[in-house]
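Chemist: Going by numbering that gives the first Met the number 0, the sequence shown opens with residue 0, and the numbers climb by one from there.
A single structure is presented below for examination.
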Amino acid sequence: MTSTDTATALPDRQTLPAEERHATELAFLAAHDEGPRPPGWRLTPRSVITFVCGSAGEALKLPKPHETLPRELVIAPKFVGERALVERCVVTLAGERGLLLVGEPGTAKSMLSELLSAAVCGTSALTVQGTAGTTEDALRYGWNYALLLAQGPTPQALVDSPVLGAMRSGLVARVEEITRCLPEVQDALVSILSDRRMSVPELSGTDEAQVAAAPGFTVIATANLRDRGVSEMSAALKRRFNFETVHPIADVDAETALVKRQAVAAVERAGAAFDVDDAVLDVLVTVFRDLRAGRSAEGWDVERPGTVMSTAEAVQVAVSLGVATAYLPSGDPLDLVPGHLLGVVRKDDPSDHARLLGYWDGPVRRRAEDGSATWRRLWDLRENLR
């Protein structure tokens with residue numbers, strides 16, 4: 000293969016949105032379950048849950064042959080968490096009520112929001128990223144200023160926000176990190192979620208002066224518990240949402256499998272094969288879970304760092320180990336774990352360095368003394384934390 004062939008074979012995007020990444024599954028589920036759907040929905044509520052949680056290894060069968068789809072398909076799980084949580088989210092959306100996913104950073108709130116949007120309406124692209132600099136225009140509308148100057152306020156000069164676009168088409172709008180927005184910006188959603196219409200005073204006297212939400216429109220927002228108090232939501236806005244808390248993954252085996260699966264995919268996108276031993280991943284996930292919980296699996300107390308030791312951070316460390324092993328091989332990937340952990344815990348509070356050392360002097364040392372070769376090697380690497 001020539002260098003030109005190699006360049007041609009590379010994907011043109013690093014990642015794909017959920018609706019493209021899982022297009023076959025979405026099309027299959029739409030054909031598989033022909034039951035009733037809420038207005039504007041691509042899938043039945045039951046199929047949305049199956050898309051997110053998977054078919055538990057069962058091969059689903061189409062009721063009749065399809066020209067472009069397989070007759071049978073196993074739906075892979077995409078969100079590792081409580082099925083009951085996903086069911087409540089789907090019920091909320093079917094009732095056209097706003098859904099607010101809250102939780103610690105790195106608990107897959109955004110991923111769940113993306114998956115639900117893709118399954119419900121076929122697109123996850125109508126997204127507003129909340130920041131301190133987000134303006135009300137991002138939730139309502141803006142103007143094409145060239146047309147505005149030439150024509151005045153006309154429907155042609157109006158620029159829809161993702162929320163307004165979702166209202167017109169009966170789709171799901173996503174607002175990421177809503178509590179990062181200023182309160183006066185957040186409250187632009189109050190009338191939208193209660194009245195299901197948006198006023199455009201500049202177009203008074205025209206048919207576009209009010210935009211009514213088409214059936215199927217709703218909003219999924221996310222918020223980090225660590226951001227509580229940054230821009231506290233008003234009581235009026237809170238009442239327009241159903242709150243669902245996304246917790247860290249409870250099962251250690253499920254979390255380890257998720258870390259490996261996502262790390263393998265990321266390293267392969269980086270052009271390499273993932274070659275990190277499962278024992279190293281087990282240690283990595285155990286360290287993150289111990290520090291996150293403030294207690295080891297054996298019941299030993301651990302001083303929790305201020306930094307959130309999330310599954311998402313564990314994935315990034317596993318990816319770094321995989322890339323280093325592939326491109327800069329220099330021995331056992333376990334030797335790199337302390338340095339990467341130090342990089343994680345130093346993000347928020349410098350005193351977390353001492354807490355990580357305390358973890359080494361506690362559970363790591365005790366496991367090494369119990370005879371585990373892997374933990375003994377990790378204990379020997381304590382100097383790498385200096």
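Built from N, CA and C at the ideal position, the CB exists for glycine as well.
No experiment lies behind these values; they were computed from the predicted model shown.
Once DSSP output is grouped into helix, strand and coil, what is the label at G34?
Modeler: The answer is coil: DSSP assigns G34 none of H, G, I, E or B.
Chemist: In chain order, what residues of the same chain have a beta carbon less than 8 Å from the beta carbon of P182, not counting five sequence neighbours either side?
Modeler: Apart from sequence neighbours up to five positions away, the residues of its chain that approach P182 with a beta-carbon distance below 8 Å are S230, E231, M232 and S233, ordered along the chain.
Chemist: Check each candidate in L146, D250 and I219 and name the one with the smallest Cα separation from E243.
Modeler: The option with the nearest alpha carbon to E243 is I219.
Chemist: Identify every residue that forms a DSSP beta bridge with W378.
Modeler: DSSP output for W378 lists no bridge partner at all.
Chemist: Helix, strand or coil for F287? Go by DSSP, reduced to three states.
Modeler: helix
Chemist: Quick one: what's got a C-beta closer than 6 Å to P16's C-beta in the same chain, skipping five residues either side?
Modeler: S123
Chemist: Could you check where the beta strand (DSSP E) with S198 kicks off and where it finishes?
Modeler: R196 to S198
Chemist: Going by Cα to Cα distance, which pick from E254, E24 and E267 is closest to V79?
Modeler: E254
Chemist: Nearest-angstrom Cα distance between D206 and A165?
Modeler: 18 Å
Chemist: Three-state secondary structure (DSSP) at F273?
Modeler: coil
Chemist: Starting from the C-beta of A138, find all residues in its chain whose C-beta is less than 7 Å away, skip the five residues before and the five after it, and write them out in chain order.
Modeler: In the sequence under discussion, the amino acid at residue 138 is Leu, which differs from the Ala named in the question. Same-chain partners within the cutoff: V127, S160, V162, V184, A187 and L188.
Chemist: Alpha carbon to alpha carbon, how far is T130 from T106? Give it in angstroms, no decimals.
Modeler: 19 Å
Chemist: Roughly how many angstroms separate the alpha carbons of V363 and D136, rounded to a whole number?
Modeler: 52 Å
Chemist: So who's on the other strand from Q209, going by DSSP bridges?
Modeler: Looking at the DSSP assignment, Q209 forms a beta bridge with S198.
Chemist: Exposed or buried, G327, counting other C-beta atoms within 10 Å across all chains shown (16 or more means buried)?
Modeler: One detail in the question is off: residue 327 reads as Leu in this sequence, not Gly. So L327 counts as exposed.
Chemist: Measure the alpha-carbon distance for A269 versus V322 and round it to whole angstroms.
Modeler: So the two alpha carbons sit approximately 8 Å from each other.
Chemist: Our contact map puts C389 next to V85 with C-beta atoms below 8 Å; I'd like the distance itself, whole angstroms only.
Modeler: The chain is shown from 0 up to 385; residue 389 falls before or after that span and cannot be answered.
Chemist: My output table needs one value for V73: the three-state DSSP class, helix, strand or coil.
Modeler: strand
Chemist: With C-beta atoms as the reference, is A211 less than 8 Å away from R196?
Modeler: Cβ distance < 8 Å, so A211 and R196 count as in contact.
Chemist: Have a look at S2 and T324 and give me their C-alpha separation to the nearest angstrom.
Modeler: For S2, the predicted model reports a pLDDT of 39, less than 50, meaning its position is unreliable; a value from the coordinates is still stated below. So the two alpha carbons sit approximately 24 Å from each other.
Chemist: Considering only C-alpha positions, which residue in the set M110, D277 and C120 is nearest to T14?
Modeler: M110
Chemist: Find the nearest neighbour of I248 within the set E81, K63, L42 and S54, judged by alpha-carbon distance.
Modeler: E81
Chemist: Going by DSSP, what residues sit across from N223 in a beta bridge?
Modeler: G102
Chemist: Residues in its own chain within less than 8 Å of L125 by CB, not counting five upstream and five downstream?
Modeler: S116, P161, V162, G164, A165, L170, V171, A172 and R173
Chemist: Among R239, S46 and A26, which residue has its Cα nearest to the Cα of G34?
Modeler: That would be S46, whose Cα lies nearest to the Cα of G34.
Chemist: Which whole-angstrom value is the C-beta distance of T178 and A222, which I expect to be below 8 Å?
Modeler: Sure, about 5 Å apart at Cβ, within 8 Å.
Chemist: Classify D300 as helix, strand or coil using the three-state DSSP reduction.
Modeler: strand
Chemist: Roughly how many angstroms separate the alpha carbons of E201 and D274, rounded to a whole number?
Modeler: 60 Å
Chemist: Note down, in chain order, each residue of its chain lying with its Cβ closer than 6 Å to the Cβ of F27, except the 5 sequence neighbours on either side.
Modeler: L68 and L72
Chemist: What first and last residue would you give for the beta strand (DSSP E) that runs through K108?
Modeler: Looking at the DSSP string, K108 is not in any beta strand (DSSP E); the run it does join, the alpha helix (DSSP H), is K108 to C120.
Chemist: Do you know offhand how far R381's Cα is from W359's?
Modeler: 7 Å
Chemist: For Q150, which residues from the same chain have a beta carbon less than 8 Å from its beta carbon, with the 5 sequence-adjacent residues on both sides left out?
Modeler: A156
Chemist: Could you spell out where the alpha helix (DSSP H) holding F50 opens and where it closes?
Modeler: P44 to C52
Chemist: According to DSSP, is N241 helix, strand or coil?
Modeler: strand
Chemist: Any idea which residues DSSP pairs V127 with across the strands?
Modeler: V174
Chemist: In angstroms, rounded to a whole number, what distance separates the CA positions of L114 and E368?
Modeler: Cα to Cα, L114 sits roughly 45 Å from E368.
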